[in-house]
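Undergrad:
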Amino acid sequence: MFEFIPITITPEMVLRSQGADPAIIEKRSPILLEYAKRAIEEGSALLKPQVVVRTLMVQKIDHHKCIHLEGGSILENTFLAQQLNLAQKISFIICTIGDAIDEKASALYRLDPVLSFAFDGFGIAAIDIVAAHVCESIGEKANKESLRTSIPYSPGMVRWPLEEGQNKIFSILNPEPTIVRLTPSFQMIPKKSTSMLLGIGANFKHNQKTCDFCATRETCRFKPPQKNPFSFGSKV
Ligand code: SF4
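All residue numbers for the sequence shown refer to the numbering used here, where the first residue is 12 and numbers rise by one.
1) Just verifying my parser: in three-state terms, what is the DSSP assignment at phenylalanine 197?
2) Apart from the five residues just before and just after valine 191, which ones in its own chain have a Cβ nearer than 6 Å to its Cβ?
3) Suppose only complete runs of 3+ residues qualify. What are the beta strand (DSSP E) ranges in the region 86 to 149, listed by chain order?
4) Can you tell me which of Ala50, Leu126, Phe133 and Lys48 puts its alpha carbon nearest to the alpha carbon of phenylalanine 233?
5) Which first and last residues belong to the beta strand (DSSP E) in which lysine 48 is found?
6) Please identify the residue among Cys225, Asn214 and Gly210 whose C-alpha is closest to the C-alpha of isoleucine 101.
7) Quick check: the Cα distance between lysine 179 and glutamate 53, rounded to an integer number of angstroms?
8) Pull up the CB-CB distance for glutamate 87 and lysine 76, whole angstroms please, since I reckon it's below 8 Å.
9) Nearest CA to the CA of isoleucine 16: which residue from Ala50, Phe181 and Val62?
10) Helix, strand or coil: how does DSSP classify glutamine 29 here?
11) Under three-state DSSP, which class holds threonine 21?
12) If you draw a straight line from the alpha carbon of glutamate 174 to that of lysine 38, how long is it in whole angstroms?
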C-alpha cells in the first residue's frame with residue numbers, strides 16, 4: 012500500500028516548517044530561500060520513507076472509557092473512547108523518513124547553522140507529507156467501503172499522554188528497531204517520525220483539526236495557513 016510515497020517539497024514548505032513566513036522571508040532574507048532550495052536538492056536523495064500500519068476491528072467500547080480491539084488489545088483512554096465512539100476499525104500508524112536528514116543537519120550544525128536549520132525544516136516538511144499521504148490513502152480506502160476516517164490522533168496530544176500513547180502504538184505495531192525505536196523518554200528515533208491512529212467508521216465528521224487537540228496549539232509556529240484535517244505541521 013505504501014511502497015512508493017511521492018514527496019514533493021517546495022522552498023516555501025521548508026521555510027514554513029522552520030516556523031517562518033515565506034512571503035516575509037522572500038522580501039527580507041531571500042538568501043534563506045536559496046538555503047531552502049539547497050536543502051531540497053541535496054536532501055531529497057536522503058529520504059527513506061517507511062510506514063508501519065496495522066488496522067484492527069473495534070469489538071466494543073466500554074462506557075466511553077475503553078476501546079476493545081480484535082486480538083484482545085484494549086485502548087484505555089476516555090478522550091479517545093469518546094472521540095472514536097463511532098469507529099468500526101482503528102488504524103495504528105508509524106511513519107518515518109529515516110535518520111539521514113537529521114544526521115546531515117547535525118553534521119552541518121557548527122559548520123553552517125543556517126543550512127543545518129534548512130535541512131531540519133526540509134525533514135519536517137517531508138515527514139508531514141508522508142503522514143498526510145498515509146492518512147489520505149487510508150481515507151480513500153475507507154471511502155470505497157462507504158466509510159470515513161477521523162482526524163489523526165497522536166501521543167502527546169491533549170488528553171493522550173505521550174508515554175501512554177507511544178507504549179500503546181508501539182506494542183500494537185511492534186516495529187523493527189532498525190526502522191523506528193523509542194527512547195526512554197518516549198521520543199522516536201529517527202527523530203523525523205510520527206505515530207498516530209485513525210478511526211474508521213460510517214459517521215465521522217470533518218469539522219475537527221489535529222491542531223485543535225495539540226498540546227502546543229497556543230504557541231505553535233508551524234500551523235500551515237490552510238490546514239486540511241490530515242495535515243500535521245510539525246509533529247517532531
Ligand atoms: S501544526 Fe502545530 S498545533 Fe498543529 S498539530 Fe502540528 S504542532 Fe500541533
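Cβ coordinates follow ideal geometry from the N, Cα and C atoms, glycine included.
Note that the structure is a prediction, hence the values are computed from the model and not measured.
TA: Here's the rundown:
1) coil
2) Ile105, Thr107, Met199 and Ser204
3) 98 to 107
4) Phe133
5) Lysine 48 -> not in any beta strand (DSSP E); alpha helix (DSSP H) instead, spanning 41 to 54.
6) Gly210
7) 36 Å
8) 7 Å
9) Val62
10) coil
11) coil
12) 43 Å
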